[in-house]
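Q: What follows is a single structure, and I will ask about it in a moment.
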Amino acid sequence: MLLKGKSVFGGIAIGRLSVYGKKDHQVKRIKIHDTEAEVIRFTSAREKAKDQLTVLYDKALKEVGEVNAMIFEVHKMMLDDLDYIESITNMIRSQEVNAEFATATTGDNFAGMFSAMEDEYMRERAADVRDISNRVISVLQGASEGKEMGDEPVILLAEDLAPSETVQLDKSKVLSFVTRKGSTNSHTAILARTMNIPALIGVSLDNLEEMDGKWGIVDGYEGTLYVEPDRETLLRYEKLKEEDEQKKRLLQELKGKDNVTLDGKKIHLYANIGSVADVANVLANDAGGIGLFRSEFLFLESEDFPTEEVQFNAYKTVAENMAGKKVIIRTLDIGADKQVDYFGLEKEENPAMGYRAIRICLDRKEIFKTQLRAIYRASYYGTISIMFPMIISVREVKEIKEIIAEVKAELDQENLPYKDAEIGIMIETPAAVMISDLLAKEVDFFSIGTNDLTQYTLAIDRQNPKLDSIYDSHHEAVLRMLKMVVENGHKEDCWVGICGELGADTTLTEEFLRMGFDELSVTPSMILKVRDKIRSVNLSLK
Ligand code: PEP
Ligand code: MG
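Converting from the sequence shown to the numbering used here requires adding 105 to each position, the first position being numbered 1.
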């Protein structure tokens with residue numbers, strides 16, 4: 106049987122399927138006479154639950170790092186929430202019910218409230234309220250912690266896994282986990298990525314109980330789960346797994362090492378992301394920062410313009426999770442292939458050369474200013490740089506700077522804190538390449554978008570599959586442009602990187618180093634491969 110789902114982390118696992126036994130939190134309503142004694146029972150269970158969370162926090166701190174361990178601090182804080190406590194104690198007193206029932210009902214009510222919120226981040230907190238309530242109930246019921254697991258490592262199948270359940274798992278016994286529910290943005294998914302094990306969500310595990318004990322394969326690259334695979338599939342996956350592990354083993358050794366050539370030249374290696382959820386992958390692969398946050402994905406995921414608050418939370422979360430490492434947020438690059446209905450854009454003959462990216466932002470300033478306000482507000486929580494797409498003139502950059510000045514003045518007036526972010530532009534049009542000497546005087550950095558630069562230089566639509574074979578980013582014209590941009594940038598103390606797909610092309614890594622690039626920003630899973638290449642190069646040999 107083959108089941109499809111959504112991968113939250115790549116890799117291959119082969120082993121027995123084991124259905125994660127949820128503790129039975131079935132709660133009965135019982136009439137209580139001594140309500141004050143019941144309140145005390147609740148209070149001491151709450152204290153015990155907090156002690157458990159302290160232990161979990163320390164465990165997570167060692168295993169998955171401070172940022173991911175924070176969830177247990179948050180859970181502790183939630184257990185101290187006065188509204189939550191009051192709702193439970195009031196219910197015990199006024200309805201004369203047992204603490205288990207009051208906690209379960211309050212947990213449900215609060216979770217329902219969170220689920221109905223507009224903000225996606227808040228919606229996801231519903232799972233956390235249920236988690237803390239179940240913890241208190243477990244203590245009240247005297248249940249023991251965690252699932253008892255056998256000796257054999259297994260592929261865990263579950264309806265859903267709460268962060269606390271995930272971190273409690275004995276990692277040496279879990280090959281992978283597969284859930285029916287869950288979201289890529291949840292802390293559980295973040296933990297899975299950090300744990301470096303293949304994980305799938307959204308798999309239709311309809312007959313969960315029947316799968317228990319059967320043989321299975323998880324393909325975290327394809328997002329598939331095989332239940333009782335045939336011999337041929339099994340052999341194929343055993344081979345793939347071996348190859349995959351070999352590669353990963355070698356690359357893991359490069360974590361924490363410098364991106365330095367044999368003769369000592371260093372370069373920054375950053376990662377490209379499209380959403381907040383990708384940050385875990387960035388950290389898991391030991392990137393030095395985020396070189397391209399494609400912010401338009403926030404807009405593509407929404408039904409309507411994301412508010413300043415929604416954007417602020419997303420940028421802030423990324424900045425905080427990166428804990429001071431550089432995060433380059435690219436402003437909205439909508440249009441062309443990235444169409445959003447609510448923008449009401451007209452159909453164009455030539456959308457790639459049409460009304461898109463910075464052109465829309467400079468035309469519809471209210472959208473642009475909302476985004477810039479959100480970015481600047483988030484800048485306070487980390488190290489954020491801002492980058493603008495599809496630039497063709499110095500005039501555009503000057504206009505952008507005027508708008509930034511307006512945004513800062515507004516924030517000053519409202520007493521909202523922000524930091525002075527580094528400003529950069531994408532070099533992805535031949536025009537920007539040819540005037541890069543002038544543009545370099547205006548900005549702190551350039552990041553070359555080789556995907557579009559190749560398209561516009563060769564006059565080849567990057568979306569057209571018929572032209573795939575001649576869409577050649579290695580074309581001499583493109584390579585000369587890269588060199589020219591580095592030279593012009595450096596003359597004005599403007600650092601230069603690549604964030605297009607070409608940056609991860611290891612056949613060109615040496616050439617990029619020779620050209621003098623300061624940074625390469627690549628998809629997270631390519632970080633260690635590119636690092637590996639950089640460390641094998643010796644620029645002193647010609
Ligand atoms: C590029 O054009 O190379 C780039 C990085 O931006 P995008 O692929 O999002 O257009
Ligand atoms: Mg582009």
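Positions of the beta carbon are idealized from the N, C-alpha and C atoms, including for glycine. Since the structure is predicted, the reported quantities are computational estimates derived from the model, not experimental observations.
Taking only three categories from DSSP, how would you classify residue 360?
A: Residue state, collapsed to three classes: coil.
Q: From residue 637 to residue 387, what does the alpha carbon distance come to, in whole angstroms?
A: The straight-line gap from Cα to Cα measures roughly 16 Å.
Q: Run through DSSP, which three-state label would residue 545 get?
A: Of the three classes helix, strand and coil, the one that applies to residue 545 here is coil, per DSSP.
Q: Hey, how far is the Cα of residue 122 from the Cα of residue 617?
A: The straight-line gap from Cα to Cα measures roughly 46 Å.
Q: Taking 8 Å as the cut-off, is the beta-carbon of residue 558 closer than that to any non-hydrogen atom of ligand 1?
A: Yes, Cβ of residue 558 sits closer than 8 Å to a heavy atom of ligand 1.
Q: Pick from 381, 270, 171 and 302: whose alpha carbon is nearest that of residue 279?
A: If we check each option's Cα against that of residue 279, 302 comes out closest.
Q: Pull up the CB-CB distance for residue 420 and residue 395, whole angstroms please, since I reckon it's below 8 Å.
A: So it is not a contact: roughly 11 Å between Cβ atoms.
Q: Using beta-carbon positions only, say whether residue 422 and residue 381 come within less than 9 Å of one another.
A: Against a cut-off of 9 Å, the Cβ pair of residue 381 and residue 422 comes out as a contact.
Q: Restricting to runs no shorter than 3 residues, where is the beta strand (DSSP E) found entirely within the region 305-344?
A: Those beta strand (DSSP E) runs which fall completely within the region 305-344 and span 3+ residues are 320-324 and 329-332.
Q: Keeping to the same chain, check which residues put their C-beta closer than 7 Å to that of residue 379; ignore five residues upstream and five downstream.
A: Around residue 379: 399 and 402.
Q: Under three-state DSSP, which class holds residue 534?
A: The answer is coil: DSSP assigns residue 534 none of H, G, I, E or B.
Q: So, are the CB atoms of residue 428 and residue 632 less than 9 Å apart?
A: For residue 428 and residue 632, no; Cβs fall outside 9 Å.
Q: Check this for me: beta carbons of residue 206 and residue 135, under 9 Å apart or not?
A: Yes, they are a contact pair.
Q: CB residue 60 to CB residue 310, shorter than 9 Å?
A: Outside the shown range of the chain, which is 106 to 647, sits residue 60, and nothing can be said about it.
Q: When the distance is taken between beta carbons, is residue 588 closer than 9 Å to residue 620?
A: A contact, by the Cβ cut-off of 9 Å.
Q: Measure the C-alpha to C-alpha separation of residue 369 and residue 359 and round it to an integer number of angstroms.
A: Approximately 16 Å, taken between the alpha carbons.
Q: Report all residues from its chain with a CB closer than 6 Å to the CB of residue 244; omit the five preceding and five following residues, and keep chain order.
A: Excluding residues within five positions, the ones whose Cβ falls inside 6 Å are 150, 153 and 154.
Q: Look up residue 281 in the DSSP assignment and say whether it is helix, strand or coil.
A: Here residue 281 sits in strand by DSSP.
Q: What is the C-beta distance between residue 586 and residue 558, in whole angstroms, given that I count them as a contact (C-beta under 8 Å)?
A: Between residue 558 and residue 586 the Cβ distance is about 7 Å, and since that is below 8 Å, they are a contact.
Q: Just the Cα atoms here: how many angstroms apart are residue 193 and residue 183?
A: Between residue 193 and residue 183, the C-alpha separation is close to 13 Å.
Q: Go ahead and pull the three-state DSSP assignment for residue 617.
A: Helix, per DSSP.
Q: With 16 other CB atoms within 10 Å as the buried threshold, where does residue 180 fall?
A: The residue is buried, with at least 16 neighbouring Cβ atoms inside 10 Å.
Q: Along the chain, where does the beta strand (DSSP E) containing residue 125 start, and where does it finish?
A: Counting along the chain, residue 125 falls outside any beta strand (DSSP E), and DSSP gives it neither H nor E.
Q: Does residue 482 come out as helix, strand or coil in the three-state DSSP assignment?
A: Residue state, collapsed to three classes: helix.
Q: Counting C-beta neighbours from all protein chains within 10 Å, is the total for residue 560 16 or more, i.e. buried, or is it exposed?
A: Buried is the call here.
Q: Roughly how many angstroms separate the alpha carbons of residue 563 and residue 346, rounded to a whole number?
A: Between residue 563 and residue 346, the C-alpha separation is close to 40 Å.
Q: Considering just the uninterrupted stretch of the beta strand (DSSP E) at residue 581, what are its terminal residues?
A: Careful: residue 581 lies outside any beta strand (DSSP E), inside the alpha helix (DSSP H) at 581-596.
Q: What did DSSP end up calling residue 219 once you bin it into helix, strand or coil?
A: Reduced to three states, the DSSP call for residue 219 is helix.
Q: Can residue 399 be considered in contact with ligand 1, in the sense that its beta carbon sits closer than 8 Å to one or more heavy atoms?
A: Under cutoff, so the answer is yes.
Q: Alpha helix (DSSP H) containing residue 162: first to last residue?
A: Residues 140-169.
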